[in-house]
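Visitor: Residue numbers (the numbering used here): 21 to 104. Questions regarding the structure given below will be posed in turn.
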């Protein structure tokens with residue numbers, strides 16, 4: 021079932037450091053299907069002791085999307101109660 025994009029939800033991971041790969045690991049360890057975000061905006065701190073100011077604000081892909089402008093059932097992100 022396809023649905024058109026109608027909203028963008030901004031959500032904070034509540035972590036001082038991390039990247040899409042690391043957040044995906046944390047979410048899988050909790051028993052979730054995948055990372056809960058479609059995209060991750062980096063703050064330059066990808067590991068506890070690794071700060072890379074050059075990547076602050078960079079965007080990484082999280083949950084996989086397809087090339088269409090519609091949302092497939094398996095592409096719905098998490099952490100947006102009432103908007104999924």
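We put the beta carbon where it would ideally sit given N, CA and C, even for glycine.
Can you tell me the Cβ-Cβ gap for residue 57 and residue 82, rounded? I've got them flagged as a contact below 8 Å.
Guide: Yes, they are in contact, since the Cβ atoms of residue 57 and residue 82 sit about 4 Å apart, within 8 Å.
Visitor: Between residue 68 and residue 29, what straight-line distance do the alpha-carbon atoms span, to the nearest angstrom?
Guide: Rounded to the nearest angstrom, the two C-alpha atoms are 26 Å apart.
Visitor: So which of 27, 61 and 24 has the shortest CA-CA distance to residue 34?
Guide: Of 27, 61 and 24, the residue nearest in Cα terms is 61.
Visitor: Note down, in chain order, each residue of its chain lying with its Cβ closer than 8 Å to the Cβ of residue 79, except the 5 sequence neighbours on either side.
Guide: Hits under 8 Å: 59, 60, 61 and 62.
Visitor: Cutting at 6 Å between CB atoms, please list the residues of its own chain near residue 73, excluding the five before and the five after it.
Guide: So the qualifying residues of the chain are 64.
Visitor: When you compare only the Cα positions, how much space is there between residue 47 and residue 70?
Guide: Cα to Cα, the separation comes out at about 21 Å.
Visitor: Go ahead and pull the three-state DSSP assignment for residue 28.
Guide: Here residue 28 sits in coil by DSSP.
Visitor: Assign residue 44 to buried or exposed, taking buried as 16 or more other Cβ atoms, counted over all protein chains shown, within 10 Å of its Cβ.
Guide: When all chains shown are included, residue 44 counts as buried.
Visitor: Can you tell me which of 23, 32, 55 and 76 puts its alpha carbon nearest to the alpha carbon of residue 41?
Guide: For residue 41, the nearest C-alpha among the options comes from 55.
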